[in-house]
Amino acid sequence: MVRFAGDSGDGMQLTGGQFTLSTALAGNDLATFPDFPAEIRAPQGTLFGVSAFQINFGSTEIDTAGDAPDVLVAMNPAALKTNVGALKAGGLIIADTGEFNKRNLEKAKYDVSPLEDGSLEKWQVLAFDISALTLEAVKPFGLGNKEALRCKNMWTLGLALWMFDRDRQPLIHWLKGKFAKAPVLADANIAALNAGHAYGETAELSGPLKQYHLAPAASEPGLYRTVTGAEAISYGLVAGAQLAGLDLFFGGYPITPASAILHNLARLKEFGVTTFQAEDEIAAIAAAIGASYGGHLGVTSSSGPGIALKGEAMGLAIMTELPLVIVNSQRGGPSTGLPTKTEQSDLYQAVYGRNGDAPMPVIAARSPSDAFECAIEACRLAVQYMTPVMLLTDGYIANAAEPWKVPDPAGFEPFPVTFLEEPNGPDGAVLPYARDAKGARPWIKPGTPGLMHRIGGIEKNPGTGNIDYSPASHQTMTNARKDKIDGIAASIPAQEVTLGEAGGKLALVGWGSTYGPIHQAVRRARRKGLDVSQIHVRHVWPLPENLGELLKSYEMVLVPEMNTGQFKTVLRDQYLVDAKPLNKTSGQPFTIAEIEAAIAAALA
Amino acid sequence: MNDTTPIKTTLKDWETDQEVRWCPGCGDYAILKAVQRTLPEIGADPAKTVFVSGIGCSSRFPYYVESYGFHTIHGRAPAFATGLKLANPELDVWLVTGDGDGMSIGGNHTMHVLRRNLNTQILLFNNEIYGLTKGQYSPTSRMGTVSPTTPLGSVDRPASPCAFALGAGGRFIARAYDVSKELTSVLKAAHAHQGAAFVEIFQNCIVYNKDVFADFTEKAGAATGQLWLADGEPMLFNKGAQGIALDTETLSLKVVDLVDGDWQAAGVRVHDVKNRAMAHLLVEMPFGPFPMALGVIYDDPRPTFESAVVEERARASAGKTANLAKLLSKGQTWTVE
Chain A
81 MVRFAGDSGD GMQLTGGQFT LSTALAGNDL ATFPDFPAEI RAPQGTLFGV
131 SAFQINFGST EIDTAGDAPD VLVAMNPAAL KTNVGALKAG GLIIADTGEF
181 NKRNLEKAKY DVSPLEDGSL EKWQVLAFDI SALTLEAVKP FGLGNKEALR
231 CKNMWTLGLA LWMFDRDRQP LIHWLKGKFA KAPVLADANI AALNAGHAYG
281 ETAELSGPLK QYHLAPAASE PGLYRTVTGA EAISYGLVAG AQLAGLDLFF
331 GGYPITPASA ILHNLARLKE FGVTTFQAED EIAAIAAAIG ASYGGHLGVT
381 SSSGPGIALK GEAMGLAIMT ELPLVIVNSQ RGGPSTGLPT KTEQSDLYQA
431 VYGRNGDAPM PVIAARSPSD AFECAIEACR LAVQYMTPVM LLTDGYIANA
481 AEPWKVPDPA GFEPFPVTFL EEPNGPDGAV LPYARDAKGA RPWIKPGTPG
531 LMHRIGGIEK NPGTGNIDYS PASHQTMTNA RKDKIDGIAA SIPAQEVTLG
581 EAGGKLALVG WGSTYGPIHQ AVRRARRKGL DVSQIHVRHV WPLPENLGEL
631 LKSYEMVLVP EMNTGQFKTV LRDQYLVDAK PLNKTSGQPF TIAEIEAAIA
681 AALA
Chain B
1237 MNDTTPIKTT LKDWETDQEV RWCPGCGDYA ILKAVQRTLP EIGADPAKTV
1287 FVSGIGCSSR FPYYVESYGF HTIHGRAPAF ATGLKLANPE LDVWLVTGDG
1337 DGMSIGGNHT MHVLRRNLNT QILLFNNEIY GLTKGQYSPT SRMGTVSPTT
1387 PLGSVDRPAS PCAFALGAGG RFIARAYDVS KELTSVLKAA HAHQGAAFVE
1437 IFQNCIVYNK DVFADFTEKA GAATGQLWLA DGEPMLFNKG AQGIALDTET
1487 LSLKVVDLVD GDWQAAGVRV HDVKNRAMAH LLVEMPFGPF PMALGVIYDD
1537 PRPTFESAVV EERARASAGK TANLAKLLSK GQTWTVE
């Protein structure tokens, strides 16, 4: 496992992303964890301006970005200080001595250079002047000092590619494309990359710098690519709309870490996608609902604070029973919270967070590639049940990449939408709130002759939809809205045991992006002979019909979550099981070790 | 408006079976009738007509028009209408809002729907009060308005809806009042305008803010208080005895008296609906020293938002096929044997 850390202007996310691609192309399984500051360009050299990218790769199945890295590439003293604590004992530090000057050491609050005071004794240190080596490598291209130093990340990447025996060619190809308009920059970056690679090959360095050969991970045959959660969701929404036979309308407002979905979809207009950057979060969801009313599949997306603003409009979509997909890329909260860090603390908001009795299905993606299927499922539920659906993901899933076996669209089950074209009541009456067997009302597009009717947020007559706040009407409609959503439980797969077996001493129940660390921890514990199973829930609301029985088949239930125990509370409420919490709210994902320790403690 | 085949309807065809529930004597009744009279005259098709509203007394409007209707949430109607028009630009969308809905909680959306120039008619019923919530002062209430929340009189300055709409980039600005016989012709002009057409309609809330516009709407003050603007016509009022001229020294408007009906000699301006600078002066013209500017104040169309979006989508899609399999396998891939 390798962590690249540097200044937020050093191009660490880019370096990590390209290393990820090379790793995937080499056939290794992988998981990544980008960790960057909320500031766009935090002051140079400071501790809070450090940007890091971690990648875990290898020949076996990888579910997490890993706990402790084996190699840390530190581009300056601040990057070393903030990241070295995580490095495995005996791990390798590669440091750029060119940046370990007095000024940078002061900014990182080091009195003496850690490279010289013996404080890094428990690790292997390889320190050399990457800055100078880079400047030398790009000298022929006549770049200014500042521009030349920007190639440092490529130099470092070249070295990393050598260490892990990775092919440089895809990267060279990528650089040529990226700098097509400035070939000299492409050449300089390629020269830096080659120089870094050559340095590894030829440097007379003994000891730690050695080449690692990793065999490709065994995986199912097929075509693969890497995918981030934001990409997978965008593709899933496009696929979902196609399967429904609808055009997609996406109303969004910029917010971290959800904006990437809007960026991606804005480039897919040929798929019948309309994207609308609204004036605010409320207008974004309102426009999406307006588009759904007009017969498109309306989608909106945001992160916690934006989702809070959309609450009233979600209620209107529930009340008028219009399809809508709401994607929440969760981040640390409350309020502005931790915009670039990950958390799962919007579960209550998703399941309960609206005025009135306002039930809404909630689906949670567990990984970048899983987000694709979840997005399709959200579209299906929205149009088949005429309801808004919330899809939960988080900052970790949205930004992280993993290899993805490219699915064949021919294998997807279509769920075509039929709009009402003729009056559906007695004597030619139009009944917008008549219901089918699933409890769903008909979808009627304005523009359809003879079906004029009015809908709105006021309580309505169960059939005609006309304003009707009589006691009987509100009771009937409240029940109908609840029964419809509860009924979804019958259309989703029964909950399976993700790893292990039904019944036993301990079940670890998770949802969302904690899948990876829980999976690895349970696997390791089971290998040690411990009686523990993993249950990972996709349909967070309504819950699968068999989940209650399944949970009761274990002596203990432990719920690891990146919040203070929200899903645990839902499970206790629904099933009266004594679910115990395992919580973390540091803005960082669980490590495998943390969950392993909790398993050991529970079974002690 | 949209270029569709005119449909033959009568006022009756636009009435729903729902009991109208505004207070007896409310100005909204007159506006409803004016709209229901206008729709047959413009050949509107009930199936392609959609009334979208927010929250407030005015926003009950869609329930009373036999077309498609969407009663949404407070202040956000323009955003719903935007999504609807982008999904189906063929629809003829009318927005119904009020001074609280459109100028207070929904001010942001009013601004952006005008700026983007969505092809829709925006009817803002201004009664200078919150009616549905029982009489609190609104952002258009005059200073000193006594209400349950301002028992000693309001101290904040009112906003001018037309000045706001023009400032937000509106390309059609008009004014009328609930019982004015010219309301239908103003509505027709708004409908004929391609783009966001903003119509402020002074509306008499007989329960909470009775007769607040009576100084110019009642017979006694009508002649001196109403300046009905018509494109290409001199700006005359008070039965042609007075007119509006431009003081070129101060770049402001002034009232001039005519001698023997010679408006040219008096320097009275001819109304030009495309003159944006004059429109700014007219919407800001204070009532009292001046008459109230009514009718079509400004009308100078620009390409609409939805047509630009549709064009851009077509341009971006030209020559490309929507091949999902190809999309999913985009970028660098590798094969596992």
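Chains A and B supply the protein sequences, listed in that same order.
Numbered per my numbering, the first sequence spans residues 81 to 684.
Numbered per my numbering, the second sequence spans residues 1237 to 1573.
Idealized CB from N, CA, C, for every residue including glycine.
Any beta carbon from chain B within less than 7 Å of residue i's own beta carbon?
i              : result
F244 (chain A) : no
R521 (chain A) : no
E361 (chain A) : no
Y513 (chain A) : no
S286 (chain A) : Note on S286 (chain A): pLDDT 47, under 50, position unreliable in the model; the coordinate value appears next. For S286 (chain A), the answer is no, since every Cβ of chain B falls outside 7 Å of its Cβ.
R183 (chain A) : no
L396 (chain A) : yes
L303 (chain A) : yes
P542 (chain A) : no
H376 (chain A) : yes
E392 (chain A) : yes
Y549 (chain A) : no
G370 (chain A) : yes
Assign residue i to one of three DSSP states: helix, strand, or coil.
i               : result
Y1265 (chain B) : helix
H554 (chain A)  : helix
R83 (chain A)   : strand
S447 (chain A)  : coil
E179 (chain A)  : helix
T1376 (chain B) : coil
P1368 (chain B) : The question names Pro, but residue 1368 (chain B) in the sequence shown is Leu. L1368 (chain B): coil per DSSP, three-state reduction.
Q1430 (chain B) : coil
R1549 (chain B) : helix
H619 (chain A)  : strand
D1328 (chain B) : strand
P597 (chain A)  : helix
Confirm, please, whether the CB-CB distance from residue j to residue i is below 7 Å.
i               : j               : result
L21 (chain A)   : G412 (chain A)  : With chain A covering only 81 through 684, there is no way to say anything about residue 21 (chain A).
I535 (chain A)  : I547 (chain A)  : no
T1356 (chain B) : A1404 (chain B) : no
E1302 (chain B) : W1258 (chain B) : no
S88 (chain A)   : A132 (chain A)  : no
L1517 (chain B) : E1436 (chain B) : no
K1424 (chain B) : I1278 (chain B) : yes
L303 (chain A)  : T1569 (chain B) : yes
P640 (chain A)  : T144 (chain A)  : no
V612 (chain A)  : I679 (chain A)  : yes
Between residue i and chain A, is there a C-beta pair that is closer than 7 Å?
i               : result
S1294 (chain B) : no
A1561 (chain B) : yes
E1302 (chain B) : yes
W1250 (chain B) : no
T1318 (chain B) : yes
T1246 (chain B) : no
Return the first residue and the last residue of the beta strand (DSSP E) that residue i is part of.
i               : result
P468 (chain A)  : P468 to D474
Y634 (chain A)  : Y634 to E641
M1528 (chain B) : M1528 to D1535
N136 (chain A)  : V130 to G138
Near residue i, which residues of its chain fall below 6 Å by C-beta distance, leaving aside the five closest residues on each side in sequence?
i               : result
V1577 (chain B) : With chain B covering only 1237 through 1573, there is no way to say anything about residue 1577 (chain B).
T1420 (chain B) : A1270, R1273 and T1274
F84 (chain A)   : M92, T95, G96, F133 and V153
Would you mind reading off the limits of the alpha helix (DSSP H) that contains residue i?
i               : result
Y315 (chain A)  : G309 to A324
D1451 (chain B) : A1450 to T1453
H1307 (chain B) : First-last for H1307 (chain B): Y1304 to H1307, but that is the beta strand (DSSP E), not the alpha helix (DSSP H).
Between residue i and the rest of its own chain, which residues show a CB-CB distance below 7 Å, the 5 nearest in sequence each way excluded?
i              : result
I142 (chain A) : D109, L110, A111 and N136
Q654 (chain A) : L623 and G628
Y279 (chain A) : L213 and L239
Less than 8 Å between C-beta atoms, sequence neighbours within five positions excluded: which residues of the same chain meet that for residue i?
i               : result
R1352 (chain B) : T1318, A1432 and F1541
Under 8 Å (Cβ pairs) to chain C, residues found in the segment 1322 to 1339 of chain B: The question asks about chain C, but that chain is absent: this structure's protein chains are A and B.
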